[in-house]
Amino acid sequence: MKLFEGRTAMVTGAGKNMGKEIALAFAKNGANVIVCDYNEEAATQTAEEIRALGVEALPAVCDVRDREKIFTYVDEAVTKFGKIDYLVNNAGGSSGLLGKLTRFVDAEESTLDFVIDTNLKGAMHCAQAVLPSMIAQKYGKIINISSIAAVCGLYDRVDYAAAKAGMIGMVKALAMEVGKYNICVNAISPGAIARNGKMSDHMTYLGENGRCGTPKDIADAVLFLAYQDYITGENIVVDGGRTLGTSHR
Ligand SMILES: NC(=O)c1ccc[n+]([C@@H]2O[C@H](COP(=O)([O-])OP(=O)(O)OC[C@H]3O[C@@H](n4cnc5c(N)ncnc54)[C@H](O)[C@@H]3O)[C@@H](O)[C@H]2O)c1
Numbered sequence: 000m001k002l003f004e005g006r007t008a009m010v011t012g013a014g015k016n017m018g019k020e021i022a023l024a025f026a027k028n029g030a031n032v033i034v035c036d037y038n039e040e041a042a043t044q045t046a047e048e049i050r051a052l053g054v055e056a057l058p059a060v061c062d063v064r065d066r067e068k069i070f071t072y073v074d075e076a077v078t079k080f081g082k083i084d085y086l087v088n089n090a091g092g093s094s095g096l097l098g099k100l101t102r103f104v105d106a107e108e109s110t111l112d113f114v115i116d117t118n119l120k121g122a123m124h125c126a127q128a129v130l131p132s133m134i135a136q137k138y139g140k141i142i143n144i145s146s147i148a149a150v151c152g153l154y155d156r157v158d159y160a161a162a163k164a165g166m167i168g169m170v171k172a173l174a175m176e177v178g179k180y181n182i183c184v185n186a187i188s189p190g191a192i193a194r195n196g197k198m199s200d201h202m203t204y205l206g207e208n209g210r211c212g213t214p215k216d217i218a219d220a221v222l223f224l225a226y227q228d229y230i231t232g233e234n235i236v237v238d239g240g241r242t243l244g245t246s247h248r
């Protein structure tokens with residue numbers, strides 16, 4: 000029997016890169032997967048690859064900022080699979096998605112709203128949508144993909160660092176509320192992780208182990224948090240040592 004056989008995982012931003020790797024990792028371990036992404040083509044592609052692994056996939060094509068659609072898809076998923084066991088809030092990104100990276104003093108209000116709604120409020124919508132199912136069955140894991148920007152800052156991304164730090168606050172407070180229902184809530188803060196096999200321009204320092212991260216490094220940490228039952232309210236930094244102090248050789 001596979002590790003997550005009979006379980007259901009919902010992964011946001013599952014169309015590409017980290018989210019796709021996480022969604023496929025759940026599927027390889029036997030879980031059915033709700034593939035949430037606003038990019039329809041990417042969501043459909045991930046869903047096809049998941050079905051090819053012999054489990055079920057439900058594409059949920061929507062923006063995590065769209066609270067109504069998120070709740071509708073979660074209802075559909077609970078009807079289809081009976082429950083949701085794991086939520087991975089992975090959809091997110093900086094104002095770079097809008098081509099609007101800038102010093103904070105110049106940031107537009109609409110950009111601040113976009114970054115906070117995408118990274119923080121979107122994660123809240125998804126958590127609120129899945130919680131009734133998790134509470135009813137007294138089991139669940141909510142895993143939130145934050146960023147090392149939350150713990151050590153990131154130039155031109157004050158809104159992003161604040162939103163990702165907000166996720167860690169949410170994790171701690173929600174973990175306190177739902178522990179009695181056997182639900183664990185945690186965050187993972189990745190360092191520089193390659194996208195489409197490539198590093199972004201701002202990812203200049205790779206970490207103490209001398210390489211940048213891969214989506215699999217993050218998927219492995221997600222599976223660990225999904226599997227275990229006694230870590231909650233934590234933020235696990237997965238950055239190859241990038242946020243350690245300066246080395247003195
Ligand atoms: N890549 C890194 O170095 C890095 C480092 C730290 C944290 N992160 C965080 O990890 C997560 C994944 O990063 P990535 O590099 O794989 O991202 P990516 O941009 O490569 O892929 C994100 C996926 O999410 C989807 N998406 C984006 N916004 C969405 C929304 N509002 N609603 C639904 N789907 C949406 C996109 O269509 C895409 O398929 C993000 O939250 C990001 O902030 C990334």
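The opening position of the sequence shown corresponds to residue 0 in numbering that gives the first Met the number 0, with each subsequent residue numbered one higher.
Backbone N, C-alpha and C fix where the C-beta goes; we use that ideal spot for every residue, glycine too.
Predicted model only: the values in this text are computed from it and were never measured.
Label residue i either buried or exposed according to how many other C-beta atoms from any shown protein chain fall within 10 Å of its C-beta, with 16 as the threshold for buried.
i      : result
Thr7   : buried
Val104 : exposed
Thr45  : buried
Pro58  : buried
Pro131 : exposed
Ala172 : exposed
Arg102 : exposed
Tyr72  : buried
Gly139 : buried
Tyr229 : exposed
To the nearest angstrom, how far is it from the Cα of residue i to the Cα of residue j?
i      : j      : result
Gly196 : Pro189 : 16 Å
Arg210 : Ala161 : 27 Å
Phe113 : Met0   : 42 Å
Gln227 : Ile235 : 14 Å
Ala225 : Glu39  : 26 Å
Asn250 : Ala90  : Outside the shown range of the chain (0 to 248) lies residue 250, about which nothing can therefore be said.
Lys68  : Glu107 : 27 Å
Val77  : Gly240 : 39 Å
Leu135 : Gly244 : Here residue 135 is Ala; the residue named in the question, Leu, does not match the sequence. Their backbone Cα atoms lie some 44 Å apart in a straight line.
Phe24  : Lys79  : With the sequence shown as reference, residue 24 is identified as Ala, and Phe is not the correct amino acid for it. Ala24 and Lys79: Cα-Cα distance of roughly 21 Å.
Ile217 : Tyr180 : 26 Å
Gly178 : Met169 : 14 Å
Lys215 : Ile182 : 24 Å
By DSSP's criteria, residue i is part of a beta bridge. Which residues make up the other side?
i      : result
Ser109 : BP columns for Ser109 are empty, so no partner.
Ser188 : Val236
Val32  : Ala8 and Ala56
Asn195 : In DSSP, Asn195 forms no bridge with anything.
Leu222 : In DSSP, Leu222 forms no bridge with anything.
Ile115 : None; Ile115 has no bridge partner.
Lys140 : Tyr85 and Cys183
Gly14  : Answer is none; Gly14 lacks a bridge partner.
Gly212 : Ile192
Do residue i and ligand 1 come close, with the Cβ less than 7 Å from some heavy atom?
i      : result
Ala126 : no
Tyr37  : yes
Pro58  : no
Lys27  : no
Val237 : no
Lys15  : yes
Val63  : yes
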